[in-house]
Structures are given as C-alpha cells and as structure tokens.
Amino acid sequence: MQSISEDPYIGLLEKDLKDYPPTLQAKHLAKYLGMSMGAAYKLLKSGRLPVVDVPGSKFILVPKSLFIKWYAACLRSNRLDEMDENGV
Numbered sequence: 001m002q003s004i005s006e007d008p009y010i011g012l013l014e015k016d017l018k019d020y021p022p023t024l025q026a027k028h029l030a031k032y033l034g035m036s037m038g039a040a041y042k043l044l045k046s047g048r049l050p051v052v053d054v055p056g057s058k059f060i061l062v063p064k065s066l067f068i069k070w071y072a073a074c075l076r077s078n079r080l081d082e083m084d085e086n087g088v
C-alpha cells in the first residue's frame with residue numbers, strides 16, 4: 001500500500017489547491033468543483049465531508065487537508081458519481 005505522500009491524487013490536488021486558504025468555504029468548493037453555491041452548500045451539509053460548523057455564523061468550513069483526502073479517495077475509487085446523488 002502506498003503512503004499518502006506517494007498518492008498521485010493527493011499531490012495533484014495539493015498543487016491545484018495551493019492558493020486556497022487552509023479552511024475551505026462553499027465558495028471555494030463551488031469554484032474548484034465547478035458547481036453552484038447551492039450545490040456546494042448541499043455537499044457541505046450532506047455529511048460526506050468532515051466540516052466545521054461555526055456557531056453564530058453562516059459559514060460551514062472544511063479543512064483543506066481533509067477535503068483533499070476525501071476528494072482523492074473519490075478519485076481513486078471512481079466514486080465521483082456519488083457527488084451527483086441528490087443534486088450534489
């Protein structure tokens with residue numbers, strides 16, 4: 001089994017997202033994944049991503065490192081169709 005540092009998906013995603021902040025908001029996911037803000041919020045609220053819900057704020061955040069691991073796992077297992085379930 002290869003380590004995370006050897007995972008080609010992780011490396012590509014880290015390069016793609018290098019200019020993004022350490023915690024991603026819906027607007028970042030929408031831009032990167034090419035989806036609407038509504039779809040990005042739906043993804044954040046779906047329970048598929050590890051998120052941080054900031055109390056007293058409208059922001060739902062996902063740590064960039066965890067997003068990269070999640071998205072790489074989707075790419076490795078060819079589960080991108082999971083993002084299309086229920087409009088996400």
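In UniProt numbering, the protein residues as written are 1 to 88.
All C-beta atoms in this analysis are idealised placements derived from N, C-alpha and C, irrespective of residue type, glycine included.
- In this structure, residue 60 keeps its C-beta atom at 8 Å or more from the C-beta atom of residue 13.
- Between residue 24 and residue 64, the C-beta gap is smaller than 8 Å, which places the two residues in contact.
- Only residues of its own chain outside the window of five on either side were considered, and among them 32 have a CB closer than 8 Å to the CB of residue 16, listed in chain order.
- Annotated three-state conformation of residue 63 is strand, per DSSP.
- Taking the CA atoms as reference points, residue 46 sits about 29 Å from residue 6.
- Under the three-state reduction of DSSP output, residue 53 falls in the strand class.
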